[in-house]
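Numbering (our numbering), first residue to last: 136 to 244.
Even glycine gets a Cβ: it sits at the ideal position worked out from N, Cα and C.
Only a predicted model underlies this, so the values are computations on that prediction, with no experimental measurement involved.
Below: one structure, written as structure tokens.
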């Protein structure tokens, strides 16, 4: 039941860790490593922060997410890869973001 739904731990997703890599895995988890994937309707639901984060941290997290999505883009994908972006709180109204402008954000480092 869990396997087909993608809920079983697996090494590819980084949820199964070798004992020698345990320290690295714990550090990544504490640093806020977030896994994202598409649902059945090709939507990505991923947290980019908490209400307590300042604007700069939310911007950096959003820019890093956009960078990760663009890096994961399959080479065969043509046209607009990201069609719409909506940012929202857990149960709040959505705020639409210009997808073309969001894809060009730079991660400040």
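Three-way DSSP call (helix, strand, coil) for residue 200 in this model
As a working note, residue 200 is residue 65 in the chain shown. If DSSP states are grouped into helix, strand and coil, residue 200 belongs with the helices.
Please give the ranges of any alpha helix (DSSP H) in the region 176–223, keeping only runs that are unbroken, at least 4 residues long and fully inside the region.
190–206
Among the residues of its own chain, which have a CB less than 6 angstroms from the CB of residue 229, if the five just before and after it don't count?
Here residue 229 refers to the residue found at position 94 of the chain shown. Cβ neighbours of residue 229 beyond the five flanking positions: 221 and 223.
Around the C-beta of residue 200, are 16 or more other C-beta atoms found within 10 angstroms, so that it is buried, or is it exposed?
Along the chain shown, one-based indexing puts residue 200 at 65. Under this definition residue 200 is a buried residue.
Tell whether a beta-carbon distance below 7 angstroms holds between residue 242 and residue 203.
Sequence index remark: in the chain shown, residue 242 carries index 107 (1-based). Sequence index remark: in the chain shown, residue 203 carries index 68 (1-based). Going by C-beta atoms, residue 242 is not nearer than 7 angstroms to residue 203.
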